[in-house]
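Shown next, in structure tokens, is the structure this report addresses.
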Amino acid sequence: MVRLLQLELLKERYVPSRNRRRNYVLGSQKGVSPLIFSSVASDTRREEGMKDQKKIRLGMIGVGNWAKFAHLRVLRLLPEYEIVAIYNQRKEAAMAAAKEYGIPHVAESLDALVRDPLVDQVLVLTTSQQHEEGIRAAITAGKDVYCEWPLTPTAAKSAELATLADTAGVKTQIGLQRRFAPAFRYVHDLVAQGYVGKVRSARMHVSVNMFGEIRANAVRWSLPIENFMSVVAIFGGHFFPVLFSLVGKPSSFSALTANQFPEVTIKETGEKIQTTSPDELLMHGTLADGGLFSIHIEGGKLSGSGVQIDITGDAGDLKITNTSAFGGVDEDFIVTGAQGDSKPLEHLPIPAKYEWFPRAGLQTGAAELGDLYVALSRDRASGTQVVPTFHYAVWQQQLFEQIQESSETGKRINL
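Taking this note's numbering, I'd label the letters of the sequence shown as residues 103 to 517.
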């Protein structure tokens with residue numbers, strides 16, 4: 103997930119709010135090696151102190167807001183992982199993160215990190231414009247690689263990297279974690295088990311109060327369309343997989359995008375900047391099995407923002423709601439449903455078996471990253487591919503380009 107973090111979110115520090123999380127944290131930190139920074143003498147100590155092949159040993163590239171806000175906080179709660187090395191262009195940022203999170207090695211260069219023999223998997227957590235450099239380095243070193251969404255700013259470049267990874271025989275993952283939320287996995291199973299019968303229609307509305315006429319300097323990267331980092335690209339990119347995992351991919355659609363804030367003001371400086379990115383998307387079409395769907399993504403909503411997904415079938419109905427598209431602390435999606443005619447929707451508690459990750463104390467969007475990491479560890483152990491690959495990222499970016507084509511030409515797109 104990407105650097106969509108409003109300053110208010112970034113001000114919050116991790117404070118465990120339930121004893122089970124506190125115990126989990128303490129248990130997962132047992133045996134953490136003392137800090138060892140780059141030197142010839144320290145390399146031997148690293149190798150002697152990290153022989154546990156049961157752990158997935160990670161090398162992290164980038165120590166930006168999302169890396170600190172989510173990845174580092176989540177990974178320290180998962181004992182099956184160990185961050186063994188970290189690299190950042192600003193070495194002082196890498197040193198600070200290493201000290202705070204017990205990471206034993208700060209790499210001197212990007213090449214040194216990806217070629218570190220103790221690194222099993224590389225995490226590319228830089229800005230989207232910098233993703234390609236880290237991905238290419240990891241692939242060249244023969245390392246499996248995880249990258250945040252979007253993979254690159256264009257579908258063509260993303261396709262090139264996906265092909266390069268295939269040729270090198272390395273596994274890839276794209277950071278689209280929202281579909282792994284307990285609520286969505288639960289609803290997926292309900293639909294698959296026939297709770298609603300045949301899906302007749304699905305509707306998804308995602309809105310955020312950010313990305314309006316006044317924007318924080320921290321999100322000025324959302325302004326140029328060529329960055330592919332608009333509210334539509336980011337929130338649409340993370341919620342498309344949710345809807346399509348529940349009801350299937352579209353077979354045809356029409357779309358309309360709009361830039362309703364052509365000039366925005368940077369809150370901290372008063373600077374006025376012209377924007378070219380869309381801040382609203384309307385999309386409707388047909389699903390592969392004949393059902394209908396509609397999607398509405400909008401930024402800059404003043405009040406009442408959040409998420410609502412409705413699934414209508416010939417035997418029942420399901421609704422998923424949340425008052426925040428990002429998700430607050432200890433807040434999760436609420437599932438309601440009913441079977442039969444003219445029945446009131448009732449709360450459907452999420453069974454405990456869907457709770458893969460201790461969620462207390464983390465915003466929902468960050469906790470879902472923990473669910474993705476659990477799925478990734480299971481993929482590595484069993485040889486499955488549940489976590490979406492670079493090829494899914496390519497398909498989704500191509501979809502966004504087709505959305506823009508439909509908006510500009512009025513053409514209906516057949517997939």
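Here a beta-carbon is modelled for each residue, glycine too, at the ideal position from N, C-alpha and C.
Residue i versus the options, residue with shortest Cα-Cα distance
i: proline 352; options: Ala440, Ser303, Lys201; result: Ser303
i: aspartate 268; options: Gln500, His493, His207; result: His493
i: proline 460; options: Lys157, Leu177, Lys156, Arg159; result: Leu177
i: arginine 322; options: Ile241, Glu373, Pro343; result: Glu373
i: arginine 305; options: Ile411, Leu478, Ser426; result: Ile411
i: phenylalanine 342; options: Val301, Leu227, Met385, Ser379; result: Met385
i: valine 226; options: Ser479, Tyr475, Trp251; result: Trp251
i: glutamate 529; options: Asp222, Ile185, Phe435, Arg192; result: Nothing can be reported for residue 529, as the shown portion of the chain is limited to 103 through 517.
i: asparagine 228; options: Leu447, Asn167, Val186; result: First, the residue type needs correcting, since residue 228 is threonine and not asparagine in the sequence shown. Ranking the options by Cα distance to threonine 228, first place goes to Asn167.
i: aspartate 419; options: Gln506, Gly296, Glu365, Lys259; result: Gly296
i: glutamine 223; options: Val366, Ala200, Tyr248; result: Tyr248
i: glutamate 262; options: Gly277, Gln279, Leu278, His233; result: His233
i: leucine 174; options: Arg514, Leu464, Val344; result: Leu464
i: leucine 345; options: Glu370, Thr367, Gln279; result: Gln279
i: aspartate 44; options: Gly277, Thr371, Gly402; result: Outside the modelled stretch of the chain, which goes from 103 to 517, sits residue 44, for which no answer is possible.
i: isoleucine 413; options: Asn424, Thr438, Gly430, Gly429; result: Thr438
i: threonine 388; options: Gly314, His290, Thr367, Ser354; result: Ser354
i: threonine 359; options: Thr377, Glu202, Pro446, Glu510; result: Glu510
i: proline 364; options: Thr371, His340, Leu325; result: Leu325
i: histidine 340; options: Ile185, Arg281, Thr377; result: Arg281
Simplified DSSP assignment, three categories, for residue i
i: valine 142; result: Reliability of the predicted coordinates at valine 142 is poor, the pLDDT of 30 falling under 50, and no value is obtained from them.
i: glutamate 268; result: First, the amino acid is wrong: residue 268 is aspartate here, not glutamate. Looking at aspartate 268 - three-state DSSP - the assignment turns out to be helix.
i: leucine 384; result: strand
i: leucine 177; result: helix
i: alanine 427; result: coil
i: glycine 236; result: helix
i: aspartate 481; result: helix
i: leucine 389; result: strand
i: asparagine 311; result: coil
i: arginine 514; result: coil
i: glutamine 376; result: strand
i: serine 396; result: strand
i: glycine 129; result: The predicted position of glycine 129 is uncertain, since its pLDDT is 35 and thus under 50; no value can be drawn from it.
i: glycine 166; result: coil
i: leucine 325; result: coil
i: leucine 225; result: strand
Cβ shell of residue i (< 6 Å), same chain only, five flanking positions each side left out
i: aspartate 432; result: Ala462
i: tyrosine 475; result: Leu180
i: serine 508; result: Ser356, Ala357, Ile515
i: asparagine 424; result: Gly408, Val409, Phe435
i: threonine 367; result: Ile316, Lys374
Chain-order list of residues whose beta-carbon lies under 8 Å from that of residue i (same chain, five-residue window excluded)
i: isoleucine 212; result: Going by the sequence as given, residue 212 is leucine instead of isoleucine. Only Ile163, Tyr189, Glu235, Gly236, Ala239 meet the Cβ criterion.
i: lysine 300; result: Asp391, Gly393, Gly415, Asp416, Ala417
i: glycine 338; result: Val308, Leu383, Ile397, Ile399, Phe502
i: glycine 244; result: Ala270, Gly271, Val272
i: lysine 369; result: Ile316, Arg317, Ala318, Asn319
i: valine 208; result: Phe139, Ser140, Ala187, Ile188, Tyr189, Lys193, Ala196, Met197, Ala200
i: serine 260; result: Pro252, Leu253, Thr254, Phe492, Ala495, Val496, Gln499
i: lysine 421; result: Gln410, Ile411, Asp412, Ile413, Val437, Thr438, Gly439, Leu447
i: serine 479; result: Ile158, Leu180, Glu182, Tyr183
i: glutamate 457; result: Pro284
Cβ neighbours of residue i in the same chain (closer than 7 Å, five flanking residues each side left out)
i: glutamine 487; result: Asp481
i: proline 255; result: Ser230, Gln231, Glu328, Asn329, Phe330
i: isoleucine 241; result: Val247, Leu266, Ala267, Ala270, Val272
i: alanine 427; result: Val308, Ser309, Val310, Phe337, Ser407, Gly408, Val409
i: isoleucine 276; result: Cys249, Trp251, Leu253, Pro490, Thr491, Phe492, Tyr494, Ala495
i: leucine 517; result: Pro352, Ser353, Ser354
i: alanine 294; result: none
i: glycine 314; result: Phe363, Gly401, Gly402
i: arginine 148; result: In this predicted model, arginine 148 has a pLDDT of only 40, less than 50, meaning its place in the structure is not dependable enough to derive any value.
i: glutamine 101; result: Look at the range of the chain in this structure, 103 to 517, and you will see that residue 101 is not part of it.
Minimum Cβ-Cβ distance from residue i to chain C less than 8 Å
i: valine 488; result: You won't find chain C in this structure, because it holds only one protein chain.
The ligand FAD heavy atom lying under 7 Å from the CB of residue i
i: alanine 195; result: Among the components of this structure there are no ligands whatsoever, and the ligand FAD is therefore not found.
Contact between the region 284-291 and the region 319-334 (3+ Cβ pairs under 8 Å): Verdict: no, contact absent.
Segment contact, 8 Å Cβ cut-off, at least three pairs: the region 345-362 with the region 385-398: Verdict: yes, contact present.
Segments of 4+ residues assigned as alpha helix (DSSP H) that fall wholly inside the region 240-302: With a minimum length of 4 residues, the continuous alpha helix (DSSP H) runs that stay inside the region 240-302 are 257-270, 284-294.
In chain order, each beta strand (DSSP E) run of at least 3 residues that lies wholly inside the region 343-370: Runs found: 352-360, 365-368.
Sufficient close CB pairs (3 or more, under 8 Å) joining the region 441-452 to the region 461-475: Verdict: no, contact absent.
The region 308-320 contacting the region 400-409, beta-carbon criterion three pairs below 8 Å: In this structure the region 308-320 lies against the region 400-409, because at least three pairs of beta carbons, one per stretch, are closer than 8 Å.
Complete runs of the beta strand (DSSP E) confined to the region 169-223 [at least 3 residues]: Uninterrupted beta strand (DSSP E) stretches at least 3 residues long and entirely within the region 169-223 occur at 183-189, given in chain order.
Three-pair Cβ contact test at 8 Å for the region 158-173 versus the region 210-228: Enough Cβ pairs lie closer than 8 Å, so yes.
Uninterrupted beta strand (DSSP E) stretches inside the region 402-467 (no shorter than 3 residues): Listed in chain order, the complete beta strand (DSSP E) runs (minimum 3 residues) inside the region 402-467 are 408-415, 418-424, 436-441.
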